[in-house]
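Enquirer: In the numbering used here, the protein residues as written are -10 to 198.
Supplied in structure tokens, the structure appears directly below.
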Ligand code: SF4
Ligand code: SF4
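Shown next, in the form of structure tokens:
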């Protein structure tokens, strides 16, 4: 498009009054919001600050935290190494090495010999979960990602499977394809409100093997 194109729509900056040019209305508006929250918290309103770690934050049901690799009813990794999650990942932080499924795994041709997610590169967008055709990868309510080295936050297959073991009771598989042997939610998850999230913490996970 050229600068003289008639379809070009030019936007002029709004003209500010003398008072607006002092920014006092905006400053006072911001202070009013701050004051409203202070008074609300002081007089029984909803406080948005929790005294972590003494007080544990309970994320909402649609919170996207640390990943897990789900297991099927036989305890095997559900993943069939189709690579769709790695392809969908905008941060390129999923690395999968697929291999021929072990003998007796008649429901699939491949399985992930290696499955690694770099939690430091992840932007927790949830695209991997959306892309997975067999609900093998999910994001959990674990949010306290801490470590003393970068390596600790690169989760391999065993660590991702241990997240499943740690969270499966509080957070049954969300969609489709649930393993019948796993406990199912007694009440539907409320996407807006606090849900039955895991009280486990990522710091309890075993070190990378
Ligand atoms: S949540 Fe998003 S950025 Fe993180 S691994 Fe999944 S697709 Fe990649
Ligand atoms: S986790 Fe799902 S999308 Fe990713 S490779 Fe495994 S089966 Fe495919």
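Every residue, glycine too, gets a C-beta built ideally from N, C-alpha and C.
None of the values given here were measured: they were computed from a predicted structure.
By DSSP's criteria, residue 144 is part of a beta bridge. Which residues make up the other side?
Expert: Residue mapping note: residue 144 aligns to position 155 of the chain shown, counting from 1. DSSP output for residue 144 lists 106 as bridge partner(s).
Enquirer: Can the beta-carbon of residue 90 be found closer than 8 Å to that of residue 98?
Expert: Translated into positions along the chain shown, residue 90 becomes position 101. Translated into positions along the chain shown, residue 98 becomes position 109. Yes, these two residues count as a Cβ contact at 8 Å.
Enquirer: Can you pull the DSSP bridge partners for residue 84?
Expert: Within the chain shown, numbered from 1, the residue matching residue 84 stands at position 95. The partner list for residue 84 (beta bridge, DSSP) reads 105.
Enquirer: With respect to 7 Å, is the separation between the Cβ of residue 106 and the closest non-hydrogen atom of ligand 1 below this value?
Expert: Start at 1 with the first residue of the chain shown, and residue 106 comes out as number 117. The answer is yes for residue 106.
Enquirer: Determine contact between the segment 68 to 81 and the segment 155 to 162, defined as no fewer than three beta-carbon pairs at a distance below 8 Å.
Expert: The segment 68 to 81 is not in contact with the segment 155 to 162.
Enquirer: Apart from the five residues just before and just after residue 57, which ones in its own chain have a Cβ nearer than 7 Å to its Cβ?
Expert: Numbered from 1 along the chain shown, position 68 holds the residue referred to as residue 57. Only 127, 129, 149, 152, 153 and 156 meet the Cβ criterion.
Enquirer: So, with DSSP's three-state summary, where would you put residue 66?
Expert: Reading the chain shown from its first residue, position 77 is the one you call residue 66. Strand.
Enquirer: Grouping DSSP H, G and I as helix and E and B as strand, with all else coil, what is residue 9?
Expert: In the chain shown, the residue the question calls residue 9 occupies position 20. Reduced to three states, the DSSP call for residue 9 is helix.
Enquirer: Span of the alpha helix (DSSP H) holding residue 119?
Expert: Indexing the chain shown from 1 puts residue 119 at position 130. Residue 119 -> alpha helix (DSSP H) spans 116 to 120.
Enquirer: What would DSSP say about residue 179, mapped onto helix, strand or coil?
Expert: The sequence position of residue 179 within the chain shown is 190, counting from 1. For residue 179, the predicted structure reports a pLDDT of 38, less than 50, and the residue's modelled location is therefore unreliable. The matter cannot be settled from this model.
Enquirer: Going straight from the alpha carbon of residue 201 to that of residue 45, what length do you get?
Expert: The question about residue 201 has no answer, for the chain in this structure spans -10 to 198.
Enquirer: Check whether the segment 104 to 112 touches the segment 128 to 144, taking contact to mean three or more Cβ pairs, one atom from each stretch, closer than 8 Å.
Expert: Yes, the segment 104 to 112 touches the segment 128 to 144.
Enquirer: Where do the ends of the alpha helix (DSSP H) carrying residue 128 lie?
Expert: In the chain shown, counting from the first residue as 1, residue 128 sits at position 139. Looking at the DSSP string, residue 128 is not in any alpha helix (DSSP H); the run it does join, the beta strand (DSSP E), is 126 to 128.
Enquirer: For residue 115, which residues of its own chain have a beta-carbon under 8 Å away from its beta-carbon, when the five flanking residues on both sides are left out?
Expert: Against the chain shown, residue 115 aligns to sequence position 126. Cβ neighbours of residue 115 beyond the five flanking positions: 53 and 128.
Enquirer: Apply the 10 Å Cβ neighbour rule to residue 22 and answer buried if 16 or more other Cβ atoms are within range, or exposed otherwise.
Expert: Here the question's residue 22 lines up with position 33 in the chain shown. It is exposed - the Cβ of residue 22 has fewer than 16 other Cβ atoms within 10 Å.
Enquirer: In or out: residue 59 buried (at least 16 other Cβ within 10 Å) or exposed?
Expert: In the chain shown, counting from the first residue as 1, residue 59 sits at position 70. Residue 59 comes out buried.
Enquirer: Per DSSP, what kind of secondary structure is residue 135 in: helix, strand or coil?
Expert: Residue numbering aside, residue 135 sits at position 146 when the chain shown is read from its first letter. Correct three-state label for residue 135: coil.
Enquirer: Near ligand 4, which residues have their beta-carbon closer than 7 Å to a heavy atom?
Expert: Ligand 4 is absent from the structure shown, which contains only ligand 1 and ligand 2.
Enquirer: How big is the Cα-Cα spacing for residue 25 and residue 18?
Expert: The residue given as residue 25 occupies position 36 in the chain shown. The residue given as residue 18 occupies position 29 in the chain shown. Near 11 Å, if we compare the C-alpha coordinates of residue 18 and residue 25.
Enquirer: Would you say residue 91 touches ligand 2, meaning its beta carbon is less than 7 Å from a heavy atom?
Expert: Position 102 of the chain shown holds residue 91. Residue 91 Cβ: outside cutoff for every heavy atom of ligand 2.
Enquirer: Could you have a look at residue 26 and say whether DSSP puts it in helix, strand or coil?
Expert: Here residue 26 is taken as the residue at index 37 of the chain shown, counted from 1. The answer is helix: DSSP assigns residue 26 an H, G or I state.
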